[in-house]
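Asker: There's a structure below that I have some questions on.
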Amino acid sequence: MKQMTENQLQELAQDLNTIRDEVVADLGEKDARYIRRVIRLHRALEVGGRVMMPFGFIPPVFAAATLSLGLSKIIENMEIGHNVMHGQYDWMNDPSLHSQTYEWDTACSSDSWRRTHNYEHHTYTNIIGKDRDYGYALLRLSDDEKWHPAHSLQFFNYLLLSVFFQWGVGLHELEFERIRSGEIRLRDKLPFLKDALRKGGRQAFKDYVFFPLITFPVAPVVLAGNLGANLIRNLWSSTVIFCGHFTQDAETFNEKDCENESKGHWYLRQLTGSSNFTGNKWVHLLSGHLSYQIEHHVFPDLPAYRYPEISEKVQAVCRKHGIGYNTGTFRHQYGTVVKRILKYSLPDRLRLRLTNQPA
Amino acid sequence: MLARNTQTKALHWLGKQLFNRNDPAAFFDPLLEKFDPMLVQAYTPARVEQVIQETADTRTFLLKPAARWQGFQAGQHVNICVDVGGVRRTRTFSLSGSPRLWAQQGLVTLTIKRLPGGLVTNWLHDNLSLGAVIGLGEAFGDFLLPEPPQPVLFIAGGSGITPVLSQLEAMAAQDFLAPVTLLYFVRTQQDVIAAERLKALANRYSALTLNVIATHENDKPRYLNSQDLAGVRDLKARQVFLCGPKGLMDLANELLHQHGVHEKDIHSTFFSAAAPALNPDLANQTLGGHVQFEKSNLKASSEGDASLLEIAEASGLTPRHGCRMGICHQCSCRKTSGTVINRLTGQASGPGDESIQLCISIPHGPVAIDA
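First to last, the protein sequences are chains A and B. Under our numbering, the first residue of the first sequence carries the number 1, and numbering increases by one thereafter. Under our numbering, the first residue of the second sequence carries the number 1, and numbering increases by one thereafter.
As C-alpha cells, then:
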C-alpha cells in the first residue's frame with residue numbers, strides 16, 4: 001500500500017469529506033425520483049416474468065419470462081436491496097426503503113447481510129483474516145495465505161460458488177471454515193442457522209414450490225424458468241462482486257497495519273483495495289453501480305447512481321495524492337480476476353516460475 | 001367472519017413469503033400509484049377535493065380519504081405524510097370538520113396555517129392543490145367532549161381553533177345541552193379562521209356564547225385576563241379546553257387556577273409552532289441532554305459530545321451497532337422527538353420523527369429514541 005504520513009492522510013480525508021458534503025447537501029427530489037423509477041421497473045419486470053412464465057411452453061416466451069424474472073432479481077438485489085441496506089436512502093424517511101428493515105429477494109437474510117457485508121466487509125475491507133469476503137474463505141487470492149493442495153482445484157470451487165452464489169452468501173455467516181478448525185462450535189451458530197433456514201426456505205418455497213404448484217399443468221416449465229432466473233442472477237452478481245476486489249491490482253492489507261487507523265487510512269485502504277469497470281448506463285444499473293466499487297467503498301451510504309458524478313472528483317483526488325485508480329473494461333477486469341484465481345491455485349514455486357514476477 | 005379473518009391471515013402470511021415484507025399489499029404500490037394514487041396500500045391515501053382560503057395565511061383542505069379510513073371523534077388529530085424534496089415528512093394536524101361530514105359524505109378537513117419557516121405547512125400551501133393525494137394516518141387524541149354533556153369553556157388562540165371547530169360542529173349537530181363559551185384570541189379581526197362557520201354556528205346553536213378577542217388591534221396588546229374568566233357563568237362547573245400558542249396556554253392555566261378551576265377539569269391539546277432556528281454559536285455549549293429510550297423504558301442524560309450509542313451503552317443497553325464511525329448504518333434507529341447534532345457534519349437534525357445513526361448523533365436538548 002502507498003505510504004502516506006498522518007498529515008497527508010488527514011488531507012486526503014478532508015478532500016473526500018468535501019466531496020461527500022457536496023453530494024449530501026444536494027440530495028433530494030432527483031434521487032427519490034430515480035430510486036422510485038427503478039423500483040417501478042423492478043415490479044414491472046417481476047410481475048411480467050411471473051405472468052409470462054406459465055406460457056413458457058412456447059420457447060420465445062420461456063426465454064422472455066426467464067430473462068424478465070432474472071433481470072428483476074438482479075435489479076432488486078443490486079440496485080435496490082444492496083443499496084437500500086447500506087442506508088443510501090434512509091434520508092428519504094420512507095419506511096419501505098429503510099436500511100434496517102428492508103428484506104431482499106435472495107436466500108441470504110438481510111440481518112445476516114447487514115452484519116457480514118455492511119459491517120465486516122466495509123469496515124475491514126481486504127484485511128486478510130478480518131475481511132471474510134476476501135476469497136470467501138474458499139479461494140486463495142494472495143500469497144498472504146499459505147498454499148494448500150486443495151487450492152489447486154479452486155477454479156472449480158469458484159464456478160460452483162458462482163452457480164449457487166445466493167446460497168453461498170446465505171451461509172457465509174456460518175463460518176464453516178472456523179467450525180471445521182474447531183475455533184467455534186456449531187452450537188454457537190444455531191441462532192444464525194435458524195434464521196438462514198427461515199429465509200432460505202422462504203425463497204425456495206416461493207420459486208421452487210409455490211409458483212410451480214399454482215400453475216400445476218405446466219409446473220416443470222415454471223420450475224425450470226425460476227431456476228433459470230435465479231441462475232442468471234447468481235452468475236451475474238457473483239461476477240460483478242468478484243470484479244470489485246479480486247482484480248490484478250486490488251491491494252490486500254494485514255491486520256497490524258490497520259490497528260487504530262485514522263479515517264484517512266481507512267479511505268486509502270478503500271481506494272486501493274477496490275476496482276471499477278467501465279460500461280454503459282445499463283451495465284451500471286444492473287451492477288447496482290458496483291461498477292463504481294471504489295466510490296462505493298469510499299462512500300457506501302451515498303445513493304449509488306451518484307457514483308458516476310462522484311467518480312470524476314475521486315479521480316482528481318487520487319491524482320492529487322498520487323494514489324492509483326484501478327479501472328478498466330469489464331472484459332479486462334474480469335480477465336484479471338480469472339487469472340488471479342488460477343494463478344494462486346498453483347504452489348508458489350510453480351506460480352513464480354510461470355508468471356516470473358513476485359506476488 | 002372468522003373464516004374471512006383466517007383467510008386474510010393466511011393471505012397475509014403468503015404475501016410475506018412471496019414479497020419479503022410485512023405489508024405485502026404495498027408491494028404493488030409503485031405500479032398502482034401510476035394508475036391511481038388512491039390505490040396505494042402503504043398508507044391511507046386522501047385526495048384534495050377543495051381548498052378554502054380562510055385568512056391571508058390559513059387554508060382549509062377538504063379531503064376524501066380512501067374508504068378504509070376508520071373515522072374520528074371531534075377534537076382528535078391525524079398524522080399526514082407528504083414527500084417534500086424527496087423526503088417523507090410526517091406532521092400532526094387537528095381535524096377541523098364535523099364527524100357528521102365524514103359519516104355522510106366521506107370528507108374530512110384540515111385547517112392549516114403557514115408557520116414562518118415551517119417546512120411542511122408552507123409546502124402544503126404552495127403545492128397541495130385540487131386532486132393532489134396525501135397520506136393519512138388513523139385519528140388519535142383524547143381532546144374529547146365530555147360525555148354526558150357538561151358546561152364547557154373553550155379558550156383558543158390563532159390556528160388553535162381547529163379542533164374546537166370540529167367540536168362545536170359536533171355539539172351543534174347533537175344539540176349538546178349545556179352552556180358553551182368560546183374565547184377565541186386572534187391578532188386582528190382579519191385573522192379569524194372560519195369566520196363564516198363560527199357566525200353560522202353562533203346563530204343556529206343557541207347554547208353557544210362566542211367571544212372573539214383581537215390581541216393586537218390597539219397600541220397595547222390585549223391578552224386573556226381575569227375579567228374574561230370572571231365573565232364566564234359558573235366557571236368552576238365547566239370543563240375547560242385549551243388550544244393555542246404556549247404563551248396563551250400558560251397564561252390561561254395560571255388564571256384558571258387563580259379562579260379555582262381544578263386541574264382535572266382542564267384539557268389541553270397539541271399545538272404546533274415553528275421550531276426556533278438553531279443558533280450555531282449555542283450549538284457547542286448546549287450539546288447533550290436528557291435521552292429517553294422508549295422501548296427499553298430507560299432514561300439517561302449526557303453532557304458534552306457523547307454520542308447516543310455511547311450514552312445507550314453507558315446506561316447498560318446494547319444497541320445493535322457496527323463500525324462506530326457512521327459507515328455501516330447497523331445502529332440506525334428512529335428518533336421520535338428532539339434534535340441531534342451529526343458528529344461528522346456538525347449539522348442539526350429536524351425536531352420530528354426520523355431515522356438517525358446512533359454512533360454519530362449527539363443529543364441537543366431532550367431526545368426520545370424508539371429503542
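From the three backbone atoms N, C-alpha and C, an ideal C-beta is built for every residue, glycine too.
Using a Cβ-Cβ cut-off of 9 Å, state whether residue 355(B) counts as contacting chain A.
Answerer: Yes, its Cβ sits closer than 9 Å to a Cβ of chain A.
Asker: Rounded to a whole number of angstroms, what is the C-alpha to C-alpha distance between residue 233(B) and residue 113(B)?
Answerer: 32 Å
Asker: Whose Cβ in chain B lies nearer than 7 Å to the Cβ of residue 92(A)?
Answerer: Chain-order list of chain B residues neighbouring residue 92(A): 86, 87 and 88, by C-beta distance under 7 Å.
Asker: Helix, strand or coil for residue 364(B)? Go by DSSP, reduced to three states.
Answerer: Residue state for residue 364(B) is assigned as strand, using DSSP reduced to three classes.
Asker: Here's the rule: buried if 16 or more other CB atoms are within 10 angstroms of the residue's CB, otherwise exposed. What is residue 316(B)?
Answerer: exposed
Asker: At a Cβ cut of 9 Å, what residues of the region 202–220 of chain A count as close to chain B, listed as they run along the chain?
Answerer: 202, 203, 205, 206, 210 and 211
Asker: What's the gap between the Cα of residue 135(A) and the Cα of residue 141(A)?
Answerer: 6 Å
Asker: Quick one: is residue 23(B) near chain A, going by C-beta distance under 9 Å?
Answerer: yes
Asker: For residue 264(B) and residue 76(B), what's the separation of their Cα atoms in angstroms?
Answerer: 19 Å
Asker: Let me make sure I understand the geometry here. Which of 227(B), 11(B) and 94(B) has the alpha-carbon closest to that of residue 140(B)?
Answerer: It is 94(B).
Asker: Counting only beta-carbon atoms, is residue 290(B) nearer than 9 Å to chain A?
Answerer: no
Asker: Residue 118(A) versus chain B: which residues are under 7 Å apart at the beta carbon?
Answerer: 322, 328, 329 and 330
Asker: Compute the Euclidean distance between the alpha carbons of residue 274(B) and residue 364(B), then round it to the nearest angstrom.
Answerer: Confidence in residue 274(B) is poor, its pLDDT being 41 and thus under 50, which makes the residue's placement too unreliable to answer from.
Asker: Compute the Euclidean distance between the alpha carbons of residue 213(A) and residue 3(A), then round it to the nearest angstrom.
Answerer: 60 Å
Asker: Give a yes or no on whether the minimum CB-CB distance between residue 126(B) and chain A is below 9 Å.
Answerer: no
Asker: Within this structure, are the beta carbons of residue 341(A) and residue 290(A) separated by less than 9 Å?
Answerer: no
Asker: Between the region 279–303 of chain A and chain B, which residues of the former have a C-beta closer than 7 Å to a C-beta of the latter?
Answerer: So the list reads 300 and 301, given in the order they occur along the chain.
Asker: For chain B, find out if any of its Cβ atoms is closer than 9 Å to the Cβ of residue 100(A); answer yes or no.
Answerer: By this cut-off, residue 100(A) is an interface position.
Asker: For residue 104(A) versus residue 75(A), is the C-beta distance shorter than 9 Å?
Answerer: no
Asker: For chain A, is any of its Cβ atoms less than 9 Å away from the one on residue 252(B)?
Answerer: no
Asker: Quick check for students: name the residue ranges of the beta strand (DSSP E) that lie wholly in the region 28–90 of chain B, counting only runs of 3 or more.
Answerer: 44–55, 58–65 and 77–84
Asker: Taking its Cβ as the centre, do 16 or more other Cβ atoms sit within 10 Å of residue 323(A), making it buried, or is it exposed?
Answerer: Under the 10 Å beta carbon count, residue 323(A) is surrounded by 16 or more other beta carbons and is classified as buried.
Asker: Starting from residue 334(B), trace the beta strand (DSSP E) in both directions and tell me its first and last residue.
Answerer: 332–342
Asker: Check whether the Cβ atoms of residue 346(A) and residue 167(A) lie closer than 9 Å to each other.
Answerer: No; because the gap between Cβ atoms is not below 9 Å, this pair is not in contact.
Asker: Short of 6 Å in beta carbon distance, which residues of its chain neighbour residue 172(B), apart from the five on each side in sequence? Order them along the chain.
Answerer: 201 and 205
Asker: Quick check: the region 294–309 of chain A against the region 150–164 of chain A, are there 3 or more CB pairs under 8 Å?
Answerer: With a cut-off of 8 Å, the region 150–164 of chain A and the region 294–309 of chain A do not count as touching, because too few Cβ pairs lie within range.
Asker: Could I get the ranges of all uninterrupted alpha helix (DSSP H) runs contained in the region 142–221 of chain B, with 4 residues as the minimum, in chain order?
Answerer: Qualifying alpha helix (DSSP H) stretches, in chain order: 161–174 and 195–204.
Asker: List the DSSP bridge partners of residue 357(B).
Answerer: 332(B)
Asker: Find out if the Cβ-Cβ distance for the pair residue 255(B), residue 287(B) is shorter than 9 Å.
Answerer: no
Asker: What's the C-alpha gap between residue 32(A) and residue 25(A)?
Answerer: 14 Å
Asker: So, at 6 Å on beta carbons, what are the nonlocal neighbours of residue 411(A) in its own chain, with the 5 sequence-adjacent residues on each side left out?
Answerer: This structure leaves residue 411(A) out entirely; chain A is present only between 1 and 359.
Asker: Are any of the Cβ atoms in chain B nearer than 9 Å to that of residue 126(A)?
Answerer: no
Asker: If you draw a straight line from the C-alpha of residue 73(B) to the C-alpha of residue 99(B), how long is it?
Answerer: Roughly 6 Å separates the two Cα atoms.
Asker: Are the region 311–322 of chain A and the region 109–126 of chain A touching by the rule of at least three beta carbon pairs closer than 8 Å?
Answerer: no
Asker: Within 9 Å (strictly less), CB to CB, does residue 33(A) reach chain B?
Answerer: yes
Asker: Just to confirm before moving on: does the CB-CB distance between residue 88(A) and residue 264(A) stay below 9 Å?
Answerer: no
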